[in-house]
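Number of protein chains: 2
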Amino acid sequence: MLVPMIIAFGVIALLIAGWFTLQIQKIQISEVTDSNSASKMELISRAISDGAMTFLKVEYKYISVFVVIFTVLIIVLLDDPHTPFNDGLFTAGAFVFGSIISLVAGYFGMKIATQTNYRTTIKSSKSLAEGFKTAFLGGSVMGFVLVGVAVLGLIFTVMAYTNFLAGNDTHYIMEVVAGFGLGGSSIALFCRVGGGIYTKAADVGADLSGKVENSIPEDDPRNPAVIADNVGDNVGDIAGMGSDLFGSAAEATCAALVIGASATAIAGNMDALIYPISILAVGIIVSIVTMFFAKVSKESDVEPALKNQLLISTVLMAIAMYFVTDKYMVAEFTVLGKSISAMGVYWSFIAGLVSGMVIGYITEFYTSHTYKPVQEVADSSKTGAATNIIYGLALGYKSTILPVVFLCATIIIAYSLAGMYGISIAAIGMISTLATALTIDAYGPIADNAGGIAEMCEFPDEVRDRTDMLDAAGNTTAAIGKGFAIGSAALTALALFAAFITRSNLSEIQLLKPWVFGGLVFGAMLPYWFSAMTMKSVGKAALDMVEEVRRQFTKMPGILKGEQEPDYASCVDISTQAALREMIGPGILVIFTPILVGYGFGTEALAGVLAGSLASGVSLAISSANSGGAWDNAKKYIEKGDLGEGHKKGSDTHKAAVVGDTVGDPFKDTSGPSINILIKLMAIISLVFAASIASKGGILLHLF
Amino acid sequence: MLVPMIIAFGVIALLIAGWFTLQIQKIQISEVTDSNSASKMELISRAISDGAMTFLKVEYKYISVFVVIFTVLIIVLLDDPHTPFNDGLFTAGAFVFGSIISLVAGYFGMKIATQTNYRTTIKSSKSLAEGFKTAFLGGSVMGFVLVGVAVLGLIFTVMAYTNFLAGNDTHYIMEVVAGFGLGGSSIALFCRVGGGIYTKAADVGADLSGKVENSIPEDDPRNPAVIADNVGDNVGDIAGMGSDLFGSAAEATCAALVIGASATAIAGNMDALIYPISILAVGIIVSIVTMFFAKVSKESDVEPALKNQLLISTVLMAIAMYFVTDKYMVAEFTVLGKSISAMGVYWSFIAGLVSGMVIGYITEFYTSHTYKPVQEVADSSKTGAATNIIYGLALGYKSTILPVVFLCATIIIAYSLAGMYGISIAAIGMISTLATALTIDAYGPIADNAGGIAEMCEFPDEVRDRTDMLDAAGNTTAAIGKGFAIGSAALTALALFAAFITRSNLSEIQLLKPWVFGGLVFGAMLPYWFSAMTMKSVGKAALDMVEEVRRQFTKMPGILKGEQEPDYASCVDISTQAALREMIGPGILVIFTPILVGYGFGTEALAGVLAGSLASGVSLAISSANSGGAWDNAKKYIEKGDLGEGHKKGSDTHKAAVVGDTVGDPFKDTSGPSINILIKLMAIISLVFAASIASKGGILLHLF
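Chains as they are written, first to last, in this note's numbering: chain A, 1 to 704; chain B, 705 to 1408.
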C-alpha cells in the first residue's frame, strides 16, 4: 500500500515545516540588547521582506497572464477530434495545478527565508552554534515545504486522473499527468530567470558603484543598492533555485510515470506505477533523520556538517530504497522492448544517486579555495584582471570533463540495466535527497542575508565574523547544489526526450537525416542565444543600477557621510522592473522554440533540437557555474590573505580578482542555472505536445 | 578533359606566385633614405625572419616524429588480412604526401610573409597605395602557393592511386586518397595550435609587461618581447591559419571524392569524379581575375577594396562553376539511395558559396566597430573591465545565432538537392575562393608586422599612420576569414562524418541508443576540454613571458631608458618552447579520442562523439572568435576617441577595454580557431579508420 505511505510522508513534511516555522518565529527582535541595532533591524528586515514580497507579487501577476495564455494554447492545440473529450482540458488542469503548487511553494519558501535571515543575526550574536541552527532550520522549512507539496501534488494528480479518466489507457493518463511537470517547469523558467536577473543586477550594480567606485565595503548601509542586493538573495537564490528544483522533481517523476506506464505490468499495478513518487516521499523521511546529524559547535564544524548531510542522506536513501523497490516494484517487466528487473531499476536509482553526489563533490573541487584550481586563479590575479579571466574561463571549461563523464556513465549504466525507465529513475535518484539539498542550498542565502543585516544594523564585529563563517560554508554547498541541479536536469531532459519519442510514434531518430542534424546544430546554439540574453540583461540592469546610485550620491551628498538615508526603494524598483522586463525574451525563446520547430518542421527536427540543446547546454551550464564559483572564491582566498599580505583588499591583485568575481556573478547565478530550465522545459513542452505535433506538425516541410 | 585543366590551373597558381615573389624581392632596404632606419631594419627584419624560421624548424622536427609514429599506426591498424596487400601502406603514403605538401606550403607562406613585412614598411613610406600593393602581393603569394599545391597534390594523388590500385573499387580507392586530407589536417592541428599558442603567449606577454605594467606603447623596441610578438604574427596568423585552410580544402575535397565515388555513375567517369578538385582549380583563375579589382589610393579605399574582393570572387565563381558543372558533372546519378541531378550539385555549391559569404559579413557586423554591437562593448567599458567582459561574452554568444541558422539552412538545402554529396560540395563551395580569402587573411599580419617594423626602426609618424590604416582593415577581414573557416570546417566535418557512416556499413545511427546519446553528450564536452587546454597554455606561457620581461627590466635598467639592447632572443625562445610543449596535450586529445572511443566502444559511440563535438564546437568556436574580435575593435574604437576625449588612451575606460582585448587574444587566435581542427580532424581520423573500427572496434562493450 504505497499510496497512503506517500500521502503520510508528504503530510509529515508539511507538519515538520510548520513546527520548525513556529520554532523560528519564537525568536524576537526584543532579544537584541542594543536598542539602536534593534530599531534598525526592525526597519531593515521589513525593507528586505517587503521588497521580496513586492517583487513576488508583481512577478506572480506576470506569470498568471502567461499561465492563462498557455492554458488556452494547450486546450486549443491538444484538442484531438478523435477522442470523446478535449484532451487539452485535462492536461491544462494538471498544468494549472502544477503551476499553482510551484507558486505556493515559492511563496512560503521566500516568506520563511525573510523571517529567518534577521533571526539568524540575532542568534549569531549569542553563539555560532545557535546562528547555524537558526539558518539551518530556515533552510529546512524551505526543503520540507517544497518536497512535501511536490509529493502531495503528484500523488493527488495521479489519483484524481486515474479516477476521472478510468477506462483510458494508463500510458495516456500519465501523459496528461505530465501537465503537472510542465506547470512546475514553466514557473521555474520565470522564477529562475527573473530571480537570477534581479539578484545579479542588484549585486553587480551594488559592487560596481560601492566597492569599485566609492570604496565602501559590501553591505554598507550607505549604499542605496544594498537592500536590493539582499532582496535579490531571497528572490534568486531561494525562490528561483527552489522553483528550479521543484521543476526537476516534478518533471523527472512525470517522465518516469509516462515511460513506466508504457509497460503493461506497471500500468496494471498501482504500487509499481507510483514507485517514482515514492522515491521523493522516502527522501522526506531520510532527510528528517539526516537532520539529527547536523551539529555545529565551532567554525571548523560548519562546512563538514553541511557536506556530511549529503553523504549521510545518500547512504540512508540507498538502504531505504532497496526495501521499497524489493517490496513494491514488479519483479520483471518490459519497456520499449527491453526486459527489466526490479533490481535493475534499483541499481539505476543508485547510479543516479551516487553520480549526483560525485558530481557535487567534483564541483566543490573546482570551486572551493581549499583546492589547487581556485588557488591558481587567485594566483593569476597578480598579473591583472585579464589573466584572472583567462584562468577562470579555462577552469570552467576544464571542470566540465569529469561531470560529463559521470553523466555519460550514468546514462549508459542506467540504460543497460533498465532502459529508458532506468534513465528516468536515475534522474529521480539524483534529486531523491532533495529536502536535504534544498536545506543546505537555502541555508546559504539566509546566512548571507544575516551577515548583511549584521553589518547594516551595526552589530558588533564578532557577530559579522560568525555570519561570515556560516556564509563561507554556504558558498561551497551552493556550488555542490548547482552541480546536482545541472546533472539532474540533463537526466530529466533525456528521460523526457525518450518519453517524447515514444509518444511521437517514431520507432527511431536517424542522426544523419538532414532535419535531425540541422536541428542538432541549431539546438546546440540555443544555450548560447539564451545565455546572451540573460547575461546582457544583467549587464544592462546593473548599469541602470550604477546610474541610480551615482545619481543619489551626487544629489544627496549626505549619504556617503552617513548623515542622510539613501533611497533604497528606487534601487529595489530598478531590479524589479529589469527582472520582469528581461525575463520575457528568454521565456519566449524557450517556450516557443519547441512549438515552432515542431509544428513548422516536424518531430525529427524537434528531436534534433532537443538533443543538441541538451548536449551543448550541459557543458555550457557546468562551465558557467564553475567559472563563476571559482572567481568568487578566488577573491575570498585573496581577501583571507593567503596570497600574502601585499595582495589583500585594496591591492591591484584584489581589484583584478573583483573583476572576475563580478563577471562570475551572472555566470553562476543567472545564465548558468537558467540553462537547466532551457533544456528541461523544451523537453517537457515537446512531450506534452508530442502527439499533436506528430499528427499536425511539419507544415513548412513541403517548402524543401 | 578536366585533368589537364586542373593541372594547368595549379601550375598557373605557382607561376603567378613565383612572379609576384620576384616583384616583391625587387624592393630593397637601400631605398630607405635614413641610414639609421635602414640599418635597424636590416637587423629587425632578420630577427623576425630568423625567429620564425627557427620556430618552424623545431616545430617541423616535432611534427616529423608525429608523422612517423602515426604512419606506423596507420599501417598496423589498417592492415586488413582479407586484402591481398596492406591497405594501410597506401593510406599511409597519401598521409605522408599530404603532410609534406602542407608543410611545404606553410614554409613558403611564412618565408614570403617575412620577406614582405619590412618591404611593406619601405613602400608605405612612399604612399599608402604602394604599401597596400606590397602587403597585398605578399598575401596573394601565400594564397596562390597554398591553393596551387593543394590542387596539384590532390589531382596527383587521385591519378597515381587510380593507376596503382587499378582494378579495385573506385570508392575504396578514394578512401585511400582520403589519407591526403588526414595528412593536411594533422599538420594543421600542430601548426594552428602551436602557432596560436606562440603568437598569443608573445602578444599577451608583451601587452601585460609593456602596455599595462610599464606604460610603454605597443611595438616599442625597448620591450624585450616585441620581436617574439612580431614573429608570432607570422607563425600563428600566417603559417597556422594557412595550414588550417589547407586542411579544410584537402578534407572537404576528400569527403566529396569518397561520397561521390559511392555512385557508380561518378565512379566510372573521371571528369565527374574529380569535379570537387576542379572547384578549387577554377577558384585559382577566379582569384587572379579578382585581384585586378584591388586598387587603393586613399584610406577609405582599403577596407572596401578588401571586402569587395570576396564579393567579386563569389560572383565570378558562381558564373564559372555553372559552365563547369554543366559540362563535366554527370546529369543524373544516385548516392546512398538518393537520386541527384547535376544542377542539384550546382545549387548545393551555390548554397555553400553564398552562405560562406553571408557568414563572413555577419561576422564583420559583430566584430567591426562600424556597427552597434562593438560600440556597445566599448561603451560598457566606462563602468570597468567587468562590464566590458560581460558585454563581450554576451556579444559572442549572440553572434552564433545567424551563422548557425545559415549553416543549418545550407545543410538542409544542400541535402535536399544532392544528399550527402551536396553537403560535401557545399563545404568546398564555402572555401572555393580560397586564394582570395587567404590573400586578404595573410595581408593582415603582414601589414601588422609592417607597422611594428616602422615603429621599431623609427620611421616618421606618417609611415606608421599608413601601416595602421592598412592594419585596421586587415583586422576586419581577418574576422571575416575566421567566419569562413568555422563554417567550412562544420560542413567539411559533416561530409566526412557522412562518409564515415557509409564506410562503417551502418545503415543508420539511432540517436536514442545509449552509446550514441552518451557519445553525443561526451563529444559536446570535448571543445571545452580542448579550449581549456589551449587557453591555459596561453595564460601560462604569457606569465612566463611577463616574468622574463620583468627580469630583463630589473637586471638591465638601461633598457627602459633606451640605452641598452634588450635580449629579444630569450623571449623568442620562451614562446617557442611554450608552443612546442603545450601543443602536445591538445594534439593527443584530438588524435586519440576517435581512436580510443572507436576501438573501445564501437562505431555508434564514435558517431555520437563526432556529432556532439561538431554541434557544440561550432557555437563555441564562433562565440570565442567573435567575442575576441569585438574586444579588440572596441579597444580600437576607444583609442580613436569615438567615446569622447576623456576615454582615450590612459583613461580607466581604455584600461578596461585593454583587459577585454587581452582576454580576447587567446579566444580569437588560439582556442576559437583550434576548434575547427578538433571537429575536422576527429572526423577524418574516424573516416580513415572506419572500416577497421567497424570490424575490430568496440572491444570494451562487453563490460556493459
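Note that beta-carbon positions come from the ideal geometry of N, C-alpha and C, so glycine has one too.
- For A524(A) and A378(A), the gap between their C-alpha atoms comes out near 32 Å.
- Straight-line measurement puts the Cα of S1128(B) at about 34 Å from the Cα of K680(A).
- Between C571(A) and chain B, the shortest Cβ-Cβ separation is not below 8 Å.
- With respect to A105(A), V67(A) sits apart: the two C-beta atoms are not nearer than 8 Å.
- Contacts with chain A at 8 Å (Cβ-Cβ) include Q1214(B).
- With the criterion set as a beta carbon lying under 8 Å from some beta carbon of chain A, the members of the stretch 1241-1253 of chain B are V1242, G1243, A1246, L1247 and V1250, in sequence order.
- Using a Cβ-Cβ cut-off of 8 Å, W631(A) does not count as an interface residue toward chain B, since no Cβ of chain B sits closer than that to its own.
- Counting only residues of its own chain and dropping the five nearest sequence neighbours on each side, A967(B) has a CB closer than 7 Å to the CB of F1037, T1038 and V1039.
- Going by beta carbons, V231(A) and A202(A) fall inside the 8 Å limit.
- Annotation for E332(A): the continuous beta strand (DSSP E) segment containing it runs E332 to V335.
- Assigned with DSSP and collapsed to three states, Q115(A) falls in helix.
- For K126(A), no alpha helix (DSSP H) segment is defined, and its DSSP state is neither H nor E.
- In the structure shown, I1403(B) adopts coil according to DSSP, grouped into three states.
- Under DSSP, K648(A) takes part in no beta bridge, so it has no partner.
- Separation of I1135(B) and I988(B) (C-alpha to C-alpha, rounded to the nearest whole angstrom) is 12 Å.
- Near chain B, meaning a CB-to-CB distance below 7 Å, the residues of the stretch 619-643 of chain A are S619 and S623.
- Counting along the chain, I277(A) sits inside the alpha helix (DSSP H) bounded by residues Y275 to M291.
- In this structure, D169(A) is the residue among A320(A), D169(A) and V235(A) with its C-alpha nearest to the C-alpha of G268(A).
- In this structure, I266(A) and V330(A) form a Cβ contact; the two beta carbons are roughly 6 Å apart against a cut-off of 8 Å.
- The continuous stretches of beta strand (DSSP E) do not include K555(A), which lies in the alpha helix (DSSP H) extending over residues P514 to K555.
- In this structure, the straight-line span from the alpha carbon of V609(A) to that of A427(A) is close to 21 Å.
- Interface annotation for the stretch 383-400 of chain A against chain B: T383, G384, A385, A386, T387, I389, I390, Y391, L393, A394, Y397, K398 and T400, criterion Cβ-Cβ distance under 7 Å.
- Inside the stretch 332-405 of chain A, DSSP marks whole beta strand (DSSP E) runs of 3 or more residues at positions 332-335 and 338-341, from first to last along the chain.
- A Cβ-Cβ separation of about 32 Å leaves A385(A) out of contact with A615(A) under the 8 Å criterion.
- Annotation for S1328(B): F1371, S1375 and G1376 place their beta carbon closer than 6 Å to its own, counting only its chain and skipping 5 residues before and after.
- Among the residues facing chain A, T1307(B) is not included, as its CB has no counterpart in that chain under 8 Å away.
- For W1233(B), the residues of chain A that pass the 8 Å Cβ criterion are Y397, K398, T400 and I401, in the order they occur in the chain.
- Within the model, the alpha-carbon separation for A94(A) versus G179(A) is close to 5 Å.
- In the pairwise beta carbon analysis, the stretch 443-461 of chain A is classified as touching the stretch 129-137 of chain A: at least three pairs are separated by under 8 Å.
- The alpha carbon of D1248(B) has as its nearest neighbour, out of L718(B), A929(B) and K1217(B), the alpha carbon of A929(B).
- When DSSP reads this structure, N168(A) sits in a beta bridge with A166(A).
- Approximately 6 Å separates the beta-carbon atoms of T1366(B) and D911(B); this is inside 8 Å, confirming the contact.
- Here I44(A) is not near C408(A), since their CB atoms are 8 Å or more apart.
- Residue-level contact by beta carbon holds for P666(A) and chain B, with a gap shorter than 8 Å.
- Ranking L1142(B), F794(B) and D941(B) by CA distance to the CA of A870(B) puts F794(B) first.
- For V3(A), not one C-beta of chain B is nearer than 8 Å to its own C-beta.
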